[in-house]
Every structure is written in C-alpha cells, then in structure tokens.
Amino acid sequence: MIDIKFLRENPDEVKENIKKKFQDGKLELVDKVIELDTQSRRVKQQADELRANRNKVSKQIGTLMAQGKKEEGMALKEEVTRQAQTLARLEEEESKLSEQVTEIMMQIPQMIDPSVPIGKDDSENVEIERFGEPVVPDFEIPYHTEIMEKLNGIDLDSARKVAGNGFYYLMGDIARLHSAVVSYARDFMIDRGFTYCVPPFMIRSNVVTGVMSFAEMDSMMYKIEGEDLYLIGTSEHSMIGKFIDTINKEEELPYTLTSYSPCFRKEKGAHGIEERGVYRIHQFEKQEMIVVCKPEESKMWFDKLWQNTVDLFRSLDIPVHTLECCSGDLADLKVRSLDVEAWSPRQKKYFEVGSCSNLGDAQARRLKIRVSGEGGKKYFAHTLNNTVVAPPRMLIALLENNLNEDGSVKIPEALRPYMGGKSVIK
8 MIDIKFLREN PDEVKENIKK KFQDGKLELV DKVIELDTQS RRVKQQADEL
58 RANRNKVSKQ IGTLMAQGKK EEGMALKEEV TRQAQTLARL EEEESKLSEQ
108 VTEIMMQIPQ MIDPSVPIGK DDSENVEIER FGEPVVPDFE IPYHTEIMEK
158 LNGIDLDSAR KVAGNGFYYL MGDIARLHSA VVSYARDFMI DRGFTYCVPP
208 FMIRSNVVTG VMSFAEMDSM MYKIEGEDLY LIGTSEHSMI GKFIDTINKE
258 EELPYTLTSY SPCFRKEKGA HGIEERGVYR IHQFEKQEMI VVCKPEESKM
308 WFDKLWQNTV DLFRSLDIPV HTLECCSGDL ADLKVRSLDV EAWSPRQKKY
358 FEVGSCSNLG DAQARRLKIR VSGEGGKKYF AHTLNNTVVA PPRMLIALLE
408 NNLNEDGSVK IPEALRPYMG GKSVIK
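What follows is the structure, given as structure tokens:
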C-alpha cells in the first residue's frame with residue numbers, strides 16, 4: 008500500500024504506474040480515493056474543532072458553576088449536548104470515509120522500481136544471467152514421476168483416493184531425499200548468518216491482508232471454517248506477520264530469518280492441477296528467507312537473497328538462470344521481483360524453482376512495522392522474501408540433472424551426509 012500523501016501529491020505518477028502494470032481499470036481509483044480523502048480530512052477537521060470547543064466549553068461550565076452562575080452554565084451544557092450529537096455523526100462519517108479510503112488504497116498497486124522491464128505477463132520477463140552449463144544427456148529423460156515410480160518413491164493413486172489431485176505420497180529414498188534437501192537448505196542459510204525459525208502454519212485475516220493483495224488471497228488461501236484463520240501459502244506470511252504492530256530499533260536491523268513450513272495453496276486460476284506430476288500441487292514444504300531492513304538497504308538485500316538461491320542450486324550442480332519479472336507479472340505489493348529457474352534436461356528449458364521479491368514498505372505500511380531511528384523519528388521498514396528451496400520442484404531438477412542411463416540417480420555430494428552417506432539411489 009503506497010503512502011496516501013504521495014498519492015495526493017503525485018496522482019499522475021501513480022496513474023502512470025498503474026498503466027505500466029496494465030491495470031487501466033484501476034485508474035479511476037486514484038481520483039476516487041483523492042475525493043474520499045478530501046472529504047475525510049474535511050470531516051476530521053470539523054470533528055477536531057468540535058472536540059476542541061467541547062473541552063473549552065467544559066472548562067467554562069466549571070467556572071460558571073463555581074461562580075454560582077447556574078443558568079449560564081446550564082445553557083452551555085445544552086450547547087455541549089447539541090454539539091455531542093453533531094460530533095457523534097461526524098465521527099461515524101469520519102470512520103466510514105477512512106475505511107473506504109483504506110479499502111481503495113489496498114487495491115492500488117505499489118510503485119515499481121525504475122529498473123523493472125515493462126511487459127504484460129511472464130512471457131515478457133527478461134533473462135539476466137546464466138549459472139552453470141545446461142546439459143542434455145544422450146539418453147531419454149523420463150517424466151519426473153516415472154523416475155520416482157521406478158525407484159518406488161511416489162504413490163499418486165493412493166493420494167488421489169485420499170485427498171484428490173494435487174497431493175502425493177513420497178516413499179523410501181525419494182522421501183528421504185526430499186527431507187535431505189530441506190535440511191541442507193536450512194543449514195546452508197544458517198551458515199550464511201540467518202536465524203532459523205519454525206513459524207505458525209495458520210494466520211489471522213488481518214495478517215493475510217497485510218502480506219498480500221486481495222487477488223492473491225482469493226487465488227491462494229485456504230480458509231479454516233468457523234475461525235478467523237487461514238492456512239499459510241508460504242512461511243513468509245507468518246514470518247512477516249511476526250513483526251505486526253511493532254516499533255523496532257534501527258540499530259537492531261536488519262532481521263534476517265530463514266524458516267521452514269508446509270505450504271497450502273488452492274492454485275485457483277492455475278493451469279489445472281496435474282494428475283501425474285508434483286510441479287503444481289496443493290501441499291508442499293519449503294525453506295524460505297525473509298529480511299526486515301532499513302529502506303536504503305533493501306536493494307542490497309534483494310541482490311543478496313536471490314544470490315543465495317543461485318548458490319544453493321549451484322552447490323548441487325544444478326544449472327540455473329535468473330529472470331527479471333516484468334511490470335505485468337508483478338503482484339500489486341511488489342516493487343521488484345526476480346525468478347530463479349532450474350534447467351530441465353527433459354524439457355530442454357528452464358523452469359521456476361524460486362522467486363525473490365522486494366516489497367518496499369507495502370507490507371510494513373499495512374502491518375504497521377515501524378522503525379525508531381535517530382532522534383526517535385519513526386518510519387516504515389522494508390520487507391523482502393525469497394525461496395531458498397521448495398523440494399517438490401527441487402526434486403524434479405535434482406532427479407533430471409542427476410539421472411543415470413540405468414535409471415539410478417546420483418546424489419550430489421553436499422546431500423550425502425543427510426542421506427546416511429549414500430551416493431546413489433537405485
């Protein structure tokens with residue numbers, strides 16, 4: 008959510024930003040919110056004047072009563088009563104207008120970084136850099152679930168009967184490899200100075216609306232019936248929520264945290280849930296990283312975060328490249344986003360395995376995450392998040408890039424301590 012003061016003073020810039028995100032239907036919201044904000048401030052001023060006058064008259068009443076001027080005092084009391092009725096009406100109007108302003112402001116997208124390429128959707132994202140040499144072996148790479156099935160590592164049929172499409176049972180060494188990836192990613196981030204955390208896997212609605220847009224909420228979140236709770240779609244949600252309504256000392260920043268959690272996603276509007284695969288699913292596990300920092304440091308942390316993911320994949324000999332997300336592919340709260348994609352020898356192309364996002368002060372403004380700076384000056388922090396690893400997709404990349412012609416899978420050296428010393432899955 009952008010600053011209402013910035014919007015008041017720069018409506019044309021805000022409208023241009025909306026156009027860059029190809030959301031022209033929201034252009035009218037800028038003028039509408041300015042009109043409502045003007046009304047809100049006018050009503051607030053009237054209410055403030057009445058409140059100030061009430062305090063002044065109350066003192067006068069006390070003085071008159073002390074002087075024995077009862078009639079004059081009672082007349083002023085009647086005036087205060089009349090004004091109280093007017094004030095109550097104004098306060099109700101003020102509250103309604105404030106809610107309307109907030110509701111519209113939460114629909115207006117965050118100002119994107121000048122470096123973001125302009126494009127309508129993810130087809131116009133821009134490749135930045137490649138890491139590692141993509142290899143296509145001289146034998147055919149089967150579909151990832153076929154690799155797993157031959158190793159007795161997955162049971163989709165039973166999962167479908169138990170929960171439906173988008174779920175799976177991982178078995179044996181494949182399940183162990185899944186856990187090894189999560190454990191390795193945890194230690195990898197701890198070694199880089201991040202504090203490990205296991206957060207709540209459910210969050211309240213005020214946290215949900217604080218960390219994402221309404222559109223994302225509708226397409227992703229599972230609601231717990233009868234309770235004000237949602238299952239998290241990523242641990243970033245509860246990790247950022249950890250700082251809700253806090254004032255943090257500037258000298259204690261940045262907070263750098265890495266968190267493990269299961270993730271639950273409706274995947275509404277996605278290209279269908281595959282019956283055969285684990286690429287797009289309703290439930291998975293993930294290691295995440297988040298940073299809460301000073302505004303002037305967020306660009307630096309953005310580069311550090313995506314580099315962490317690249318370094319982790321390269322430590323497992325998986326080729327990756329980075330893509331700068333274009334304006335139309337950015338969620339409304341994001342200032343900038345960069346995807347890390349891993350090489351798929353089977354498809355002979357890259358596919359997404361992680362996404363790094365700088366949200367500026369958007370989440371902090373919604374959740375009231377403030378910083379106390381020099382001289383007690385308070386300002387909103389910046390928040391960032393990035394996927395360390397999400398094993399279902401990581402497993403696809405790992406299996407395809409380490410498959411041997413005989414159907415066995417080589418275990419990267421870095422993962423072997425987490426696999427009891429095994430070097431291959433047969």
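Per this note's numbering, the very first residue in the sequence shown carries number 8; after that it's consecutive.
The beta carbon of each residue, even a glycine, is placed where N, CA and C say it ideally should be.
Residue i and residue j closer than 8 Å at C-beta
i      : j      : result
PRO269 : GLN290 : yes
VAL123 : CYS333 : yes
ASP252 : LYS375 : yes
LYS256 : SER379 : yes
SER266 : PRO326 : no
LYS33  : ILE41  : no
TYR357 : HIS389 : no
ILE288 : GLY427 : no
GLY200 : THR109 : no
VAL218 : ILE247 : yes
MET296 : ASN392 : yes
VAL299 : PRO352 : no
LYS28  : PRO116 : yes
ARG377 : ILE119 : no
SER226 : ALA338 : no
ILE125 : MET155 : no
For residue i: DSSP bridge partner residues
i      : result
ILE254 : ARG377
ALA182 : Paired residues: none, contrary to the question.
HIS448 : The chain is shown from 8 up to 433; residue 448 falls before or after that span and cannot be answered.
CYS333 : DSSP lists no partner for CYS333.
THR394 : GLU295
ILE111 : ILE111 is not bridged to any residue.
PHE271 : GLN290
TRP350 : TYR357
ILE231 : ILE231 pairs with nothing; no bridge assigned.
TYR191 : According to DSSP, which records beta bridges pairwise, TYR191 is partnered with nothing at all.
Status (buried if at least 16 other CB within 10 Å, exposed otherwise) for residue i
i      : result
THR394 : buried
ILE435 : For residue 435 there is no data in the structure shown, the boundaries of the chain being 8 and 433.
THR419 : With the sequence shown as reference, residue 419 is identified as Pro, and Thr is not the correct amino acid for it. Answer is buried; the Cβ neighbour count reaches 16.
PRO144 : exposed
ASP336 : buried
GLU140 : exposed
TYR203 : exposed
ASN159 : exposed
GLU407 : buried
LYS22  : buried
THR88  : exposed
ARG373 : buried
LYS93  : Position check: residue 93 holds Thr in this sequence, whereas Lys was assumed. Label assigned to THR93: exposed.
8 Å contact criterion, which residue i and residue j should meet: CB distance rounded
i      : j      : result
PRO398 : HIS151 : Contact flag wrong, Cβ pair sits at about 12 Å.
ALA404 : VAL431 : Rounded, the Cβ-Cβ distance is 18 Å, inconsistent with contact.
ASP310 : LEU330 : Between LEU330 and ASP310 the Cβ distance is about 15 Å, and since that is not below 8 Å, they are no contact.
LEU323 : LEU422 : 7 Å
LEU319 : LYS341 : With a Cβ gap of about 22 Å, LEU319 and LYS341 do not count as contacting.
MET8   : MET113 : 6 Å
TYR176 : ASP162 : 4 Å
Counting Cβ pairs, one atom from each stretch, are 3 or more of them under 8 Å apart for the segment 97-109 and the segment 44-63?
Between the segment 97-109 and the segment 44-63 there are three or more inter-stretch CB-CB distances shorter than 8 Å, so the stretches are counted as touching.
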